[in-house]
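One structure is given here, and the rest of the page talks about it.
There are 2 protein chains.
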Amino acid sequence: MTKVVALMSMSLDGYVADLEDGVDEVFDWYFAGDVDVPTTKPDFTFHVSAASAEHLRALMGEVGAMLTGRRTSDRASAWGGQHPFGVPAFVVTHEVPEEWSDSDSTVHFVTDGLESAVAQAKAAAGDKIVGMHGADTIRECLDTGLLDEIRIDLVPLLLGSGIRLFDRLENAPVTLGNPTVVEGVGVTHLSYPVIPR
Amino acid sequence: MTKVVALMSMSLDGYVADLEDGVDEVFDWYFAGDVDVPTTKPDFTFHVSAASAEHLRALMGEVGAMLTGRRTSDRASAWGGQHPFGVPAFVVTHEVPEEWSDSDSTVHFVTDGLESAVAQAKAAAGDKIVGMHGADTIRECLDTGLLDEIRIDLVPLLLGSGIRLFDRLENAPVTLGNPTVVEGVGVTHLSYPVIPR
Numbered sequence: 008m009t010k011v012v013a014l015m016s017m018s019l020d021g022y023v024a025d026l027e028d029g030v031d032e033v034f035d036w037y038f039a040g041d042v043d044v045p046t047t048k049p050d051f052t053f054h055v056s057a058a059s060a061e062h063l064r065a066l067m068g069e070v071g072a073m074l075t076g077r078r079t080s081d082r083a084s085a086w087g088g089q090h091p092f093g094v095p096a097f098v099v100t101h102e103v104p105e106e107w108s109d110s111d112s113t114v115h116f117v118t119d120g121l122e123s124a125v126a127q128a129k130a131a132a133g134d135k136i137v138g139m140h141g142a143d144t145i146r147e148c149l150d151t152g153l154l155d156e157i158r159i160d161l162v163p164l165l166l167g168s169g170i171r172l173f174d175r176l177e178n179a180p181v182t183l184g185n186p187t188v189v190e191g192v193g194v195t196h197l198s199y200p201v202i203p204r
Numbered sequence: 008m009t010k011v012v013a014l015m016s017m018s019l020d021g022y023v024a025d026l027e028d029g030v031d032e033v034f035d036w037y038f039a040g041d042v043d044v045p046t047t048k049p050d051f052t053f054h055v056s057a058a059s060a061e062h063l064r065a066l067m068g069e070v071g072a073m074l075t076g077r078r079t080s081d082r083a084s085a086w087g088g089q090h091p092f093g094v095p096a097f098v099v100t101h102e103v104p105e106e107w108s109d110s111d112s113t114v115h116f117v118t119d120g121l122e123s124a125v126a127q128a129k130a131a132a133g134d135k136i137v138g139m140h141g142a143d144t145i146r147e148c149l150d151t152g153l154l155d156e157i158r159i160d161l162v163p164l165l166l167g168s169g170i171r172l173f174d175r176l177e178n179a180p181v182t183l184g185n186p187t188v189v190e191g192v193g194v195t196h197l198s199y200p201v202i203p204r
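Chains A and B, in that order, give the protein sequences. In terms of this note's numbering, the first sequence opens at residue 8 and continues consecutively. In terms of this note's numbering, the second sequence opens at residue 8 and continues consecutively.
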């Protein structure tokens with residue numbers, strides 16, 4: 008079964024972005040080391056600790072498709088039509104942005120709902136996983152039982168305010184399994200299986 | 008220097024108790040293993056994984072005094088006058104509870120403020136650490152720069168609602184150092200140094 012896996016950097020107090028939707032603080036770890044991890048974008052290379060580099064390379068090998076909400080896509084300008092992981096990306100939205108309506112890019116805007124987007128992303132991922140970004144999209148997937156794993160890049164920071172990853176869950180409590188742990192620098196990578204109800 | 012160290016079990020979504028102040032869910036890990044960790048109370052023994060047992064035993068050897076808020080103390084009925092770790096406990100309160108006003112127990116109610124309670128607990132701890140329980144007390148110590156470390160027993164659970172450990176911080180963001188990590192069963196022990204401003 009193709010797994011749907013949430014991928015988010017989060018502060019210890021649960022924030023994935025500050026009040027202005029800024030992610031610099033929680034993404035600091037991507038540039039806190041001296042091991043280069045290139046992506047398909049020449050100008051988009053991570054610089055991380057050796058442990059995080061190994062973790063990221065393994066992740067990029069695992070992901071067969073990405074799924075995000077519209078806000079995440081907009082903030083990244085739809086990755087210029089090609090997600091840095093080099094895989095098809097599916098964006099849940101109400102309307103296809105005009106600039107991408109005629110595009111033959113590998114970023115696909117899905118207007119018939121999350122369930123359809125998940126199904127399309129799974130089909131594209133094949134025997135790899137679907138990676139998911141975006142707090143609202145992840146929450147909706149949790150609420151509807153569509154999420155198989157939560158991978159948190161836990162950042163040693165108390166942001167104090169901002170956008171919480173796990174807010175207003177409809178079907179809490181959600182039981183998770185024991186995480187696998189990778190200790191980076193400026194980040195602890197925690198991968199939790201979601202235990203189905 | 009005697010360190011002041013917050014000690015709390017917290018769900019991945021940041022809660023230390025449910026809406027009714029219940030802690031069963033976040034304390035589950037204390038009884039999730041088959042290694043006994045006795046305390047000074049014969050009827051108060053933890054049953055944890057081998058890794059958590061080693062972690063708890065080391066912690067109990069490190070703590071020289073405990074500091075808590077009144078709610079934490081009330082919930083535990085002031086530990087019957089003797090904290091299970093076998094060390095003096097200092098409770099920040101506005102008024103000494105009547106039943107303890109004449110007590111010669113090792114639980115001390117401090118009515119002249121948090122700073123005084125911290126000073127008294129540090130004096131009692133000597134070259135050991137002061138352990139601190141209670142979300143409000145920890146937050147106040149963070150806000151006033153009195154906290155040196157945050158040790159979170161991170162529980163694989165999304166509680167969805169309840170009492171948050173890090174809410175309404177006054178002096179955020181707070182930068183933490185890289186944590187030491189101990190992987191238990193039903194818990195990940197994370198110890199973060201607080202980086203002074």
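Note that the Cβ used here is the ideal one computed from N, Cα and C, for glycine as well. Since we're looking at a predicted model, the values are computed, not measured.
- Under a CB-based cut-off of 8 Å, is A:E122 close to chain B? Here residue 122 of chain A corresponds to residue number 115 of the first sequence, with the count starting at 1. Chain B, which has no Cβ nearer than 8 Å to the Cβ of A:E122, makes this no.
- Message: Run through chain B and tell me which residues come within less than 7 Å of A:E156, C-beta to C-beta.
- Response: Position 149 of the first sequence holds residue 156 of chain A. Ordered by position in chain B, no residue passes the 7 Å Cβ test against A:E156, which lies about 12 Å from the chain.
- Closest Cβ-Cβ distance between A:S16 and chain B: below 8 Å? Sequence index remark: in the first sequence, residue 16 of chain A carries index 9 (1-based). By this cut-off, A:S16 is not an interface position.
- Residues that B:G193 contacts on chain A, provided the C-beta gap is smaller than 9 Å: Residue numbering aside, residue 193 of chain B sits at position 186 when the second sequence is read from its first letter. Under the 9 Å cutoff, chain A gives N185.
- How far does the beta strand (DSSP E) with B:G71 in it reach, from first residue to last? As a working mapping, residue 71 of chain B is identified with position 64 in the second sequence. Counting along the chain, the beta strand (DSSP E) containing B:G71 begins and ends at V70 to G76.
- Item | A:D109 versus A:F97 - alpha carbon distance | As a first step, residue 109 of chain A must be located in the first sequence, where it is residue number 102. As a first step, residue 97 of chain A must be located in the first sequence, where it is residue number 90. So the alpha carbons of these two residues sit roughly 16 Å apart.
- Query: So B:K10 and B:V70 are in contact, right, with Cβ under 8 Å, and what is the actual spacing, rounded?
  - Reply: The residue given as residue 10 of chain B occupies position 3 in the second sequence. The residue given as residue 70 of chain B occupies position 63 in the second sequence. Going by Cβ atoms, the distance from B:K10 to B:V70 rounds to 10 Å, so no, they are not a contact pair.
- Could you spell out the range, first to last residue, of the beta strand (DSSP E) harbouring A:T195? Locating residue 195 of chain A in the first sequence gives position 188, counting from the first residue. Unbroken beta strand (DSSP E) run through A:T195: T195 to P200.
- Item | CB contact check: A:Y199 to chain B, cutoff 8 Å | Reading the first sequence from its first residue, position 192 is the one you call residue 199 of chain A. Taking Cβ atoms only, chain B reaches closer than 8 Å to A:Y199, which makes this a yes.
- With 8 Å set as the bound, which would you pick, yes or no: does the beta-carbon of A:L164 sit closer than that to a beta-carbon of chain B? Position 157 of the first sequence, counted from the first residue, corresponds to residue 164 of chain A. So, interface residue.
- My guess is that B:I159 and B:L183 are in contact by the Cβ rule of under 8 Å, so how many angstroms apart are they, rounded? Counted from its first residue, the second sequence places residue 159 of chain B at position 152. Counted from its first residue, the second sequence places residue 183 of chain B at position 176. Taking 8 Å as the upper bound for CB-CB distance, B:I159 and B:L183 are not in contact here, some 10 Å apart.
- Mapping DSSP to helix, strand and coil, what is B:D43? Residue mapping note: residue 43 of chain B aligns to position 36 of the second sequence, counting from 1. Strand, per DSSP.
- Going by the CB atoms, is the gap between B:G141 and B:G2 shorter than 8 Å? Because chain B in this structure spans residues 8 to 204, residue 2 of chain B falls outside the shown range and cannot be described.
- Starting from the beta carbon of A:F173, find every residue of chain B whose beta carbon is closer than 8 Å, and list them in chain order. Taking the first sequence and counting its residues from 1, one reaches residue 173 of chain A at position 166. By Cβ distance, chain B contributes L19, D20, G21, L165 and G167.
- Terminal residues of the continuous alpha helix (DSSP H) containing A:E122? Position 115 of the first sequence, counted from the first residue, corresponds to residue 122 of chain A. L121 to A132 is the extent of the alpha helix (DSSP H) around A:E122.
- Task: Compare the Cα-Cα distances from B:W36 to each of B:L197, B:R204, B:H196 and B:V192 and report the closest residue.
- Result: On the second sequence, position 29 is the one that residue 36 of chain B refers to. Considering only alpha carbons, the answer is B:V192.
- Task: Starting from A:F97, follow the beta strand (DSSP E) in both directions and report where the run begins and ends.
- Result: By one-based count along the first sequence, residue 97 of chain A stands at place 90. A:F97 -> beta strand (DSSP E) spans A96 to V99.
- Start and end of the alpha helix (DSSP H) containing A:F116? Locating residue 116 of chain A in the first sequence gives position 109, counting from the first residue. Note, A:F116: premise wrong, no alpha helix (DSSP H); beta strand (DSSP E) at V114 to V117.
- Query: Ends of the beta strand (DSSP E) at A:R158?
  - Reply: Within the first sequence, the letter at position 151 stands for residue 158 of chain A. It spans E156 to V162 - the beta strand (DSSP E) in which A:R158 sits, taken as one unbroken run.
- Query: Of all the CB atoms in chain A, is at least one closer than 8 Å to the CB of B:E61?
  - Reply: Within the second sequence, residue 61 of chain B is the residue found at index 54, counting from 1. Taking Cβ atoms only, chain A never reaches closer than 8 Å to B:E61, which makes this a no.
- Message: For chain D, check one thing: does any of its Cβ atoms lie closer than 8 Å to the Cβ of B:L153?
- Response: Among the chains of the structure shown, chain D does not appear; the protein chains present are A and B.
- Query: chain A beta carbons: is any one of them nearer than 8 Å to that of B:A13?
  - Reply: As a working note, residue 13 of chain B is residue 6 in the second sequence. By this cut-off, B:A13 is not an interface position.
- Item | A:R78 versus A:H90: straight-line alpha-carbon distance, rounded | As a working note, residue 78 of chain A is residue 71 in the first sequence. As a working note, residue 90 of chain A is residue 83 in the first sequence. When rounded, the distance between both Cα atoms is 15 Å.
- Output yes or no for whether 8 Å exceeds the beta carbon distance between A:A128 and A:A72. Your numbering for residue 128 of chain A matches position 121 in the first sequence. Your numbering for residue 72 of chain A matches position 65 in the first sequence. Cβ atoms of A:A128 and A:A72: closer than 8 Å.
- Item | Separation of A:R171 from A:E27, as counted between CA atoms | On the first sequence, position 20 is the one that residue 27 of chain A refers to. On the first sequence, position 164 is the one that residue 171 of chain A refers to. The straight-line gap from Cα to Cα measures roughly 13 Å.
- Query: From which residue to which residue does the beta strand (DSSP E) around B:A13 run?
  - Reply: Locating residue 13 of chain B in the second sequence gives position 6, counting from the first residue. Here the beta strand (DSSP E) through B:A13 covers V11 to S18.
- Between A:D155 and B:G120, what straight-line distance do the alpha-carbon atoms span, to the nearest angstrom? For the purposes of this step, residue 155 of chain A is identified with residue 148 of the first sequence, where counting begins at 1. For the purposes of this step, residue 120 of chain B is identified with residue 113 of the second sequence, where counting begins at 1. Those two C-alpha atoms are separated by around 47 Å.
- Item | Under 8 Å between C-beta atoms of A:F34 and A:S16 | For the purposes of this step, residue 34 of chain A is identified with residue 27 of the first sequence, where counting begins at 1. For the purposes of this step, residue 16 of chain A is identified with residue 9 of the first sequence, where counting begins at 1. In contact: A:F34 and A:S16 (Cβ atoms closer than 8 Å).
- Task: Return no unless some Cβ of chain B is closer than 8 Å to the Cβ of A:T144.
- Result: In the first sequence, residue 144 of chain A corresponds to position 137, counting from 1. Output row for A:T144: interface = no.
- Query: Using CA coordinates, which residue listed in B:L164, B:N185, B:L176 and B:I145 is at the minimum distance from B:V30?
  - Reply: Taking the first residue of the second sequence as position 1, residue 30 of chain B is located at position 23. Looking at the Cα atoms, B:L164 is the closest of the given residues.
- Query: Which one or two residues does DSSP pair with B:L165 in a beta bridge?
  - Reply: Locating residue 165 of chain B in the second sequence gives position 158, where the first residue counts as 1. The partner list for B:L165 (beta bridge, DSSP) reads A:V181.
- Counting only beta-carbon atoms, is A:A58 nearer than 8 Å to chain B? As a working mapping, residue 58 of chain A is identified with position 51 in the first sequence. No, A:A58 does not count as interfacial toward chain B.
- Buried/exposed call for A:A65, threshold 16 Cβ in 10 Å: As a working note, residue 65 of chain A is residue 58 in the first sequence. Flag for A:A65 reads exposed.
- Message: So, with DSSP's three-state summary, where would you put B:R146?
- Response: Reading the second sequence from its first residue, position 139 is the one you call residue 146 of chain B. Helix.
- What number of angstroms, rounded off, separates the C-alpha of A:A126 from the C-alpha of A:G133? Your numbering for residue 126 of chain A matches position 119 in the first sequence. Your numbering for residue 133 of chain A matches position 126 in the first sequence. Computed Cα separation, rounded: 11 Å.
- Distance, Cα to Cα, A:G88 vs B:S80? For this step, residue 88 of chain A is matched to residue 81 along the first sequence. For this step, residue 80 of chain B is matched to residue 73 along the second sequence. Cα to Cα, the separation comes out at about 57 Å.
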